[in-house]
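K.L.:
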Ligand SMILES: Cc1cc2nc3c(=O)[nH]c(=O)nc-3n(C[C@H](O)[C@H](O)[C@H](O)COP(=O)(O)OP(=O)(O)OC[C@H]3O[C@@H](n4cnc5c(N)ncnc54)[C@H](O)[C@@H]3O)c2cc1C
Ligand code: SF4
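Residue numbers (our numbering): 84 to 585.
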């Protein structure tokens with residue numbers, strides 16, 4: 084009887100459940116990791132995402148070998164099944180152990196495999212909340228507000244708690260975390276890494292791929308090992324976290340990362356565990372008296388939003404992923420693939436994503452998905468683009484973020500109102516409008532900013548649906564103050580813009 088372990092590409096952590104269950108017997112427990120080209124071809128990915136995942140897998144395989152495991156590595160296999168079957172046969176494996184995947188399509192794919200051995204799935208330990216615990220929390224609640232979930236998480240884990248109360252007396256310091264980028268800001272440079280021989284070889288492979296990828300593979304500066312990812316975390320805690328809070332929502336031309344943590348690629352690959360990330364932030368608050376608004380703001384993202392998105396993803400029915408509450412059907416404009424648009428905010432952010440695979444939360448939410456929402460782009464096509472564009476994209480995190488938070492395509496399962504905004508918001512929270520050919524104050528006319536006419540057109544088109552969202556009534560009153568002529572001019576301008584694209 085031989086047990087073998089298949090380590091999936093986003094489970095690169097020696098503490099993961101399948102490995103820890105057999106660590107005592109590691110010399111006799113074969114392990115396999117497989118790179119599948121077919122999987123990378125099914126949809127488009129950012130070139131740096133492919134480099135990151137394959138390089139991190141190769142480094143992790145070596146780490147496992149150094150720790151005494153017997154590892155088989157299938158590099159650039161056509162698909163998963165052939166090397167898997169071969170390995171099962173060669174190593175005489177009778178039970179294949181896999182930690183449950185984080186993504187639903189992959190879990191579905193595993194069920195279709197008809198392997199010549201028993202398959203044992205062990206619970207996924209990459210998240211703080213198990214799928215079962217989240218389901219129990221959600222129970223028969225009418226509303227699944229993130230804030231309630233987050234408070235429950237704080238109570239259960241004791242993070243930032245003083246007995247039964249939140250430290251500082253408040254659960255949430257968000258109101259201190261929305262400073263616009265006024266004056267000269269000097270965000271610290273991110274910690275970067277020069278590609279080693281392994282990464283360089285993967286970059287060459289990716290550059291030679293015969294199927295399309297997105298963005299550019301070079302320069303590649305991401306961490307590819309756990310030890311480097313821990314350095315990124317340490318750099319964030321010691322250099323960036325102090326100022327993370329106040330400028331969390333700010334966007335500045337040429338400052339790709341501001342004070343953000345840059346840890347999502349590593350959390351999502353298993354190189355970092357959310358528990359250690361949260362502990363490091365909390366310790367910095369307690370030992371080094373870092374400001375509570377920054378520390379709480381960051382911990383809310385990891386203990387709150389990240390766990391919530393994962394729980395919700397596994398809670399909803401399959402139909403969730405096809406939802407389109409507003410019935411939006413516009414195609415994705417080509418500039419999403421090239422960055423070539425006179426709208427400076429979109430140009431800057433898409434160009435940055437092409438260069439790096441990264442955009443921070445407000446760039447994703449208030450520039451990219453906000454535009455897709457108000458311009459009426461088809462939600463599943465937008466989700467597909469986000470999946471192709473970002474270094475940290477995985478099905479479990481992308482679906483609810485794009486469909487639920489970004490596009491309100493779920494009709495309010497996740498968010499209490501759509502994140503829709505005009506150029507007013509972009510002008511306040513960034514410097515993008517200063518270098519733009521459009522007039523950020525104008526709603527109509529040739530120079531009117533598209534974020535303005537699309538915003539008002541969106542409110543106008545969906546007035547009835549939005550009326551039922553309590554938090555929208557104040558904004559709808561402003562729509563009612565417009566003359567019928569202005570509303571018609573806005574409608575015409577929005578229509579014209581789409582026609583010019585066709
Ligand atoms: C439309 C849209 C698409 C997104 N797509 C992704 C994605 O593909 N992958 C991804 O990891 N995050 C995604 N996010 C969430 C968030 O924008 C990124 O996690 C964050 O920008 C990553 O950069 P950072 O590590 O510097 O984050 P920081 O701003 O420093 O935040 C800290 C950490 O909190 C977690 N986090 C914060 N918000 C969320 C959230 N809404 N969902 C999940 N985790 C969160 C991340 O792990 C992040 O690393 C998306 C958000 C939106 C609005
Ligand atoms: S004016 Fe409009 S299009 Fe130009 S940067 Fe500002 S919001 Fe974007």
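Each residue gets a CB set at the ideal place from its N, CA and C atoms; glycine is no exception.
Rounded to whole angstroms, what's the CA-CA distance from residue 88 to residue 114? Just pull it up for me.
P.N.:
When rounded, the distance between both Cα atoms is 5 Å.
K.L.:
If residue 545 and residue 409 are in contact, beta carbons under 8 Å, what's the gap, nearest whole angstrom?
P.N.:
With 8 Å as the limit, residue 545 and residue 409 qualify as a contact, their Cβ atoms being about 6 Å apart.
K.L.:
Residue ranges of each alpha helix (DSSP H) run of no fewer than 4 residues wholly in the stretch 416-440, ordered along the chain?
P.N.:
Runs of the alpha helix (DSSP H) inside the stretch 416-440: 418-421, 427-439.
K.L.:
Assess contact between the stretch 121-135 and the stretch 294-301, defined as three or more Cβ pairs (one per stretch) separated by less than 8 Å. Is contact present?
P.N.:
As far as the Cβ criterion goes, the stretch 121-135 touches the stretch 294-301, which means the pair count is three or higher.
K.L.:
What separation, rounded to the nearest whole angstrom, lies between the Cα atoms of residue 352 and residue 505?
P.N.:
So the two alpha carbons sit approximately 35 Å from each other.
K.L.:
Quick one: is the Cβ of residue 237 within less than 8 Å of any heavy atom of ligand 2?
P.N.:
Checking every heavy atom of ligand 2 against the Cβ of residue 237, none is found closer than 8 Å.
K.L.:
Ligand 2 heavy atoms versus the CB of residue 264: any closer than 8 Å?
P.N.:
Outside the cutoff, so no.
K.L.:
Where does residue 267 land, buried or exposed, given buried means 16+ other C-beta within 10 angstroms?
P.N.:
Exposed, by the Cβ-count rule.
K.L.:
I need the DSSP call for residue 205, collapsed to helix, strand or coil.
P.N.:
The answer is strand: DSSP assigns residue 205 an E or B state.
K.L.:
Taking C-beta to C-beta, are residue 373 and residue 318 nearer than 9 Å?
P.N.:
Cβ atoms of residue 373 and residue 318: not closer than 9 Å.
K.L.:
My guess is that residue 242 and residue 382 are in contact by the Cβ rule of under 8 Å, so how many angstroms apart are they, rounded?
P.N.:
Between residue 382 and residue 242 the Cβ distance is about 6 Å, and since that is below 8 Å, they are a contact.
K.L.:
What residue range does the beta strand (DSSP E) around residue 158 cover?
P.N.:
Element bounds for residue 158: 153-160.
K.L.:
Pick out the complete beta strand (DSSP E) segments inside the stretch 123-197, 3 residues or longer, and give them in chain order.
P.N.:
For the stretch 123-197, whole beta strand (DSSP E) runs of length 3 or above, ordered along the chain, are 153-160, 178-182.
K.L.:
State whether the stretch 486-503 contacts the stretch 444-462, with contact taken as three or more CB pairs (one from each stretch) at a distance under 8 Å.
P.N.:
Touching, yes, given that three or more Cβ pairs across the two stretches are closer than 8 Å.
K.L.:
Per the contact definition of three or more C-beta pairs closer than 8 Å, is the stretch 566-582 in contact with the stretch 523-535?
P.N.:
Because the criterion of three Cβ pairs below 8 Å is met, the stretch 523-535 and the stretch 566-582 touch.
K.L.:
Quick test of the definition: if touching needs 3 or more C-beta pairs under 8 Å, does the stretch 468-485 touch the stretch 438-451?
P.N.:
Output reads yes: the stretch 438-451 touches the stretch 468-485.
K.L.:
Below 7 Å CB to CB, which residues in the same chain sit around residue 495 once its five sequence neighbours on both sides are set aside?
P.N.:
Contacts found: 552.
K.L.:
Please go through the same chain and pick out, in chain order, the residues whose beta-carbon is closer than 8 Å to the beta-carbon of residue 110, but skip the five residues on each side of it.
P.N.:
Excluding sequence neighbours, residue 110 sits near 151, 152, 153.
K.L.:
Could you pull out every residue in the same chain whose Cβ sits closer than 6 Å to the Cβ of residue 308, ignoring the five residues on either side in sequence?
P.N.:
Once the five neighbours on either side are set aside, the close Cβ partners of residue 308 are 142.
K.L.:
Hey, quick one: how far does the alpha helix (DSSP H) through residue 361 stretch, first residue to last?
P.N.:
Here the alpha helix (DSSP H) through residue 361 covers 357-371.
K.L.:
Determine which residues share a DSSP beta bridge with residue 89 and list them.
P.N.:
DSSP lists 115, 181 as partners of residue 89.
K.L.:
Would you mind stating whether residue 543 and residue 406 have Cβ atoms separated by less than 9 Å?
P.N.:
It is not a contact, given that the beta carbons lie outside the stated cut-off.
K.L.:
Confirm the yes/no value for this check: CB of residue 405, any heavy atom of ligand 1, distance under 8 Å.
P.N.:
Result no, Cβ not under 8 Å from ligand 1.
K.L.:
With a cut-off of 8 Å on the beta carbons, I'd call residue 364 and residue 320 a contact; round off their distance for me.
P.N.:
Indeed, because the Cβ distance is near 6 Å, the residues count as touching under 8 Å.
K.L.:
Residue 263 to residue 315, Cα distance in whole Å?
P.N.:
Going by the C-alpha atoms only, they are around 26 Å apart.
K.L.:
Starting from residue 560 and walking both ways along the alpha helix (DSSP H), at which residues does that stretch end?
P.N.:
Per DSSP, residue 560 belongs to the alpha helix (DSSP H) from 556-563.
K.L.:
Does the stretch 96-106 come into contact with the stretch 203-211, if we say contact requires no fewer than three beta-carbon pairs (one atom in each stretch) closer than 8 Å?
P.N.:
Yes, the stretch 96-106 is in contact with the stretch 203-211.
K.L.:
Roughly how many whole angstroms lie between the Cα atoms of residue 384 and residue 461?
P.N.:
Residue 384 and residue 461: Cα-Cα distance of roughly 27 Å.
K.L.:
Since residue 339 is in the alpha helix (DSSP H), which residue starts that stretch and which ends it?
P.N.:
Run containing residue 339: none; DSSP gives neither H nor E here.
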